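At position 32 of the sequence shown the residue is numbered 36 (my numbering), and the sequence of numbers has no breaks. Idealized CB from N, CA, C, for every residue including glycine. Please read these numbers as outputs of a predicted model, since none were measured by experiment. Below: the structure, in structure tokens.
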Amino acid sequence: MDQTEELFFTGYCKAHNMTQVISCEYTVSEDGWSLDHIDCDFERCVHSKSCDVVKKALAKEDE
């Protein structure tokens with residue numbers, strides 16, 4: 005049975021020029037973690053490829 009987990013990640017946000025805390029919702033199944041929601045707009049952010057906070061959030065899927 006799948007379960008939902010909410011995790012928080014912190015780090016420097018270049019777009020806002022400050023430390024940000026983002027919350028992420030994952031579905032946890034036998035296949036691993038899958039990111040369902042992230043509370044920042046990283047898909048449209050000009051810094052998305054170099055964002056340390058989002059990298060932390062996406063790395064959870066690879067664990």
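Looking at T14, W37 and C28, the one whose alpha-carbon comes closest to that of M22 is T14. For V58, no beta strand (DSSP E) segment is defined; the enclosing uninterrupted segment is the alpha helix (DSSP H) at D56 to A63.
If you draw a straight line from the Cα of V50 to the Cα of A19, it comes to about 8 Å. Under the 10 Å beta carbon count, Y16 is surrounded by fewer than 16 other beta carbons and is classified as exposed. Per the C-alpha coordinates, the member of E65, E10 and C55 positioned closest to S38 is E65.
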